[in-house]
Amino acid sequence: MSHGEHQDAASGDTDMFEQPAWDERYAGEGQMWSGQPNPQLVTEVSALTPGTALDVGCGEGADVIWLAQQGWRTTGADFSPAGLARAARHAEQAGVAERTQWWQVDARTFDADGRTWDLVTTHFLHPPAGGMVEVTRRLCSAVAPGGHLLVVGHAPSDRLMHGDPEKQRALFVAEDLRPGLTPDFEALVVEQRPRTVTREGETFEIEDSTLLARRRA
Numbered sequence: 089m090s091h092g093e094h095q096d097a098a099s100g101d102t103d104m105f106e107q108p109a110w111d112e113r114y115a116g117e118g119q120m121w122s123g124q125p126n127p128q129l130v131t132e133v134s135a136l137t138p139g140t141a142l143d144v145g146c147g148e149g150a151d152v153i154w155l156a157q158q159g160w161r162t163t164g165a166d167f168s169p170a171g172l173a174r175a176a177r178h179a180e181q182a183g184v185a186e187r188t189q190w191w192q193v194d195a196r197t198f199d200a201d202g203r204t205w206d207l208v209t210t211h212f213l214h215p216p217a218g219g220m221v222e223v224t225r226r227l228c229s230a231v232a233p234g235g236h237l238l239v240v241g242h243a244p245s246d247r248l249m250h251g252d253p254e255k256q257r258a259l260f261v262a263e264d265l266r267p268g269l270t271p272d273f274e275a276l277v278v279e280q281r282p283r284t285v286t287r288e289g290e291t292f293e294i295e296d297s298t299l300l301a302r303r304r305a
């Protein structure tokens, strides 16, 4: 399970798919991610009218903070309490604490329990063994009628996962997620978007698997 913009999910000996590993990562003092909003979020959400938003797998909270700065009332959700604590501190530092709230939840067992948001988004969340299709189905229930679901992840790439088969199976292309949409959704964007990144001094191309769907009113 990856949170926020990916850096090196193959590093370390801990299990990247489970909460203790992420609590361990977030326990340190250094910032893990860039602190900038993910580019596909900016691309797709800038044209939407702000309302309520839910960001699942929010990590250190960069996307939550950006949404709040655009006028959204945003809930950041993550299974790591250490990550949520970092995110809340960052929101306070950015001056948007009053427009944010936090929820500890595992996306794999996510249940909106009748609550809905105008926008539900998740970026670079990668449960094991193709589990993102089921996560997408669960997230559909949290989208208000007329609202949007935005799911963005990494396409399979040896450069990102260093050929690790288990971690490769956690990656997906946008088309893989289409079966996760419930019948009341219309797919608006289902595509691969190339992007140039630099990792450990090496620059190369990756693809953002991007699914944007709207729940019919």
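Note that our numbering has the sequence shown beginning at 89, numbered continuously upward.
The beta-carbon is built from N, C-alpha and C at its ideal position, and this holds for glycine as well.
Residue range of the unbroken beta strand (DSSP E) whose run includes residue i
| i | result |
| --- | --- |
| G235 | 231-242 |
| T284 | 273-287 |
| L265 | L265 -> no beta strand (DSSP E), and no H or E assigned at all. |
Residue i: first and last residue of the uninterrupted alpha helix (DSSP H) it sits in
| i | result |
| --- | --- |
| D151 | 150-157 |
| T131 | 127-133 |
| H178 | 169-182 |
Status (buried if at least 16 other CB within 10 Å, exposed otherwise) for residue i
| i | result |
| --- | --- |
| E338 | Absent from the structure is residue 338, since the part of the chain shown begins at 89 and ends at 305. |
| F292 | exposed |
| E93 | With a pLDDT of only 44 at E93, under 50, the local geometry of the prediction cannot be trusted, and no value is derived from it. |
| S90 | Only weak support is given to the placement of S90: the predicted model assigns it a pLDDT of 43, under 50, and the question is left unresolved by the model. |
| L155 | buried |
Minimum C-alpha distance to residue i - residue among the options
| i | options | result |
| --- | --- | --- |
| A243 | Q280, P271, D199, L207 | Q280 |
| G289 | E222, E274, R247 | R247 |
| K252 | V208, G202, A217, E263 | This sequence places Asp at residue 252; Lys is not what is there. Comparing Cα-Cα distances from D252 to each of V208, G202, A217, E263, the minimum goes to A217. |
| S140 | D206, T188, D166, P282 | Residue identity check: residue 140 is Thr in the sequence provided, not Ser. Ranking the options by Cα distance to T140, first place goes to D206. |
| R266 | T286, R257, P233, R302 | R302 |
| L213 | K255, V277, L276, R287 | K255 |
Rounded C-alpha distance that separates residue i from residue j
| i | j | result |
| --- | --- | --- |
| L136 | G235 | 10 Å |
| Q181 | R174 | 11 Å |
| L299 | T210 | 10 Å |
| W191 | P215 | 18 Å |
| V261 | V231 | 22 Å |
| A185 | T284 | 32 Å |
| G183 | P282 | 33 Å |
| T188 | E263 | 32 Å |
Identity of the residues DSSP links to residue i by a beta bridge
| i | result |
| --- | --- |
| G164 | D143, W190 |
| D296 | H242, R281 |
| L207 | A141, H236 |
| R303 | F273 |
is_contact[residue i, chain D] using C-beta, thresh 8 Å
| i | result |
| --- | --- |
| G219 | In the structure shown, chain D cannot be found, because there is only a single protein chain. |
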